[in-house]
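These notes concern the structure reproduced below.
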Amino acid sequence: IVNTDLNLQLNDEDASETSSQLSTAVATADSTNWEFWLRQDFSPSASNFSKIYLSANSNDLNGSLNGYYIQVGGISGGDDALELYKQTSTSSELLISGEVGAVADESIPIRVRVQRDGAGNWELLVDYTGGTNFVLQGTAQDGTHNLGSFFGIVCNYTATRSDKFFLDDFLIDPLFVDNTAPELIAATDIAADKIDLLFNEPIEVSSLAISQFSISGGLNITAAEPDNANSSLLHLTLDGAMTS
1366 IVNTDLNLQL
1376 NDEDASETSS
1386 QLSTAVATAD
1396 STNWEFWLRQ
1406 DFSPSASNFS
1416 KIYLSANSND
1426 LNGSLNGYYI
1436 QVGGISGGDD
1446 ALELYKQTST
1456 SSELLISGEV
1466 GAVADESIPI
1476 RVRVQRDGAG
1486 NWELLVDYTG
1496 GTNFVLQGTA
1506 QDGTHNLGSF
1516 FGIVCNYTAT
1526 RSDKFFLDDF
1536 LIDPLFVDNT
1546 APELIAATDI
1556 AADKIDLLFN
1566 EPIEVSSLAI
1576 SQFSISGGLN
1586 ITAAEPDNAN
1596 SSLLHLTLDG
1606 AMTS
């Protein structure tokens, strides 16, 4: 929800989940700056922490994806730190770890800035008072995933923490404007009435239309659906079986 202080706030009223996520389509390229403000009204633990996905190729942030995220907490004891991770499929690799124990206490606001240049050089900066006096926490070099399609938040929590996450002041600059059409790399028949299309970049789901695709042989395309794990892959369904 957006609360009365105009913060974005987790609000699982029946505390029925252990993880909630929110994502939005945001295109980013190799050179991008991100900023956000966050407050967690609890001492983080292995069960209570947040992830801010700066860049992801899937809108399911709890699934298999390629991208980068900031993790706030999630370490047992008082060693909770601000950390930058790279995720490839379902595996995560730590790139930068901030000051150990700096986010271990409750109700401490932080403001985070992450910078990445065109060569894949990363900088993690933070103001542990929530202001704009940023202090460099570390650097890393990684250019594995250069293009992102989604930005989002994952809150992991127990029942007593189901309304204790607050976020605000999101900034992503520059937003990537893609003026080059996707290139079809491969078309694979996976069943008599189904074809998979693989492109050289993620496909914007909101712009998909059946009319953009055609097939010869007297068949019609009845559905064009993106793959849940790979946003560069589309599944087409036909109204009849193809002839071998």
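Using the working numbering, count along the sequence shown one by one with no gaps and you end on 1609.
Where a beta carbon is used, it is the ideal one built from N, C-alpha and C, also for glycine.
Residue 1505 and residue 1400 have their C-alpha atoms spaced approximately 18 Å apart. Close CB contacts of residue 1538 within its chain, under the 6 Å cut and outside five residues either way in sequence, are with 1398 (chain order).
Taking 7 Å as the cut-off, the beta carbon of residue 1518 is found closer than this to the beta carbon of residue 1387. The stretch 1519-1533 makes contact with the stretch 1373-1392: 3 or more CB pairs, one atom from each, lie closer than 8 Å.
Counting only the Cα atoms, residue 1442 lies some 26 Å from residue 1499.
Nearest neighbour of residue 1586 by Cα position, chosen from 1601, 1597, 1456 and 1514, turns out to be 1601. In this structure, DSSP gives residue 1453 an extended state, which the three-state scheme calls strand. Under the 10 Å beta carbon count, residue 1393 is surrounded by 16 or more other beta carbons and is classified as buried. The straight-line gap separating the alpha-carbon atoms of residue 1424 and residue 1368 is approximately 24 Å. If the five residues before and after residue 1503 are omitted, its C-beta is found closer than 6 Å to the C-beta atoms of 1461 and 1489, all from its own chain and listed in chain order. A direct Cα-to-Cα measurement between residue 1437 and residue 1485 gives close to 22 Å.
Taking 7 Å as the cut-off, the beta carbon of residue 1604 is found no closer than this to the beta carbon of residue 1372. Distance check between residue 1434 and each of 1476, 1417 and 1571 places 1417 closest, using alpha-carbon atoms only. Straight through space, the alpha carbons of residue 1447 and residue 1404 are spaced by roughly 13 Å.
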